[in-house]
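K.L.:
Please read through the structure below; I'll follow up with questions.
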Amino acid sequence: MELNREHFRAIIFHNFRRGLSRQECFDELNSLYSDKAPSYSTVKNWYNEFNRGRCSIQDESRAGRPKSVVVPEKINVVRELIKQDRHVTYHEIEASLDISMTSINKILHEHLSVKKNLFALDPA
């Protein structure tokens, strides 16, 4: 089983509650998990958090820019824009959703499988 950050935080919290020092906790993690173990500064930071009364080992939600704007809601809006007007442009989508051209391209081609019609004009 691969341990993630929350698993290590739980172990650190357990060692904190056992009364181990930061160094003892770090040494124990290092002996058990070697190169997979968190750094001493991570152990120290979590000990400081627990000393301040924090009991949760989950990441707290943060304000700011989301990791990605390519989310189901945006994909559905782009799908509806295309249904309303098959000739909608990247710039029109960008203006209505306030997302980058790269994100629009990803939504159109990776999620909606929209293909560019190279022969839209009648060559005759």
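Taking full-length UniProt numbering, the leading residue of the sequence shown gets 1, the next gets one more, and so forth. Glycine included, C-beta positions come from ideal geometry on N, C-alpha and C.
CA-CA distance, Ile-107 and Ile-75?
P.N.:
Approximately 6 angstroms, taken between the alpha carbons.
K.L.:
Thinking Ile-57 and Arg-9 are a contact (beta carbons under 8 angstroms), I'd like their distance in whole angstroms, please.
P.N.:
Sure, about 4 angstroms apart at Cβ, within 8 angstroms.
K.L.:
Measuring alpha carbon to alpha carbon, tell me which of Arg-86, Glu-49, Glu-80 and Pro-38 ends up nearest Glu-60.
P.N.:
Among Arg-86, Glu-49, Glu-80 and Pro-38, the Cα nearest to that of Glu-60 is on Glu-49.
K.L.:
In whole angstroms, what separates the C-alpha of Ala-63 from that of Val-71?
P.N.:
Spanning the two alpha carbons is a distance of roughly 17 angstroms.
K.L.:
By how many angstroms is the C-alpha of Thr-89 removed from the C-alpha of Lys-83?
P.N.:
Those two C-alpha atoms are separated by around 13 angstroms.
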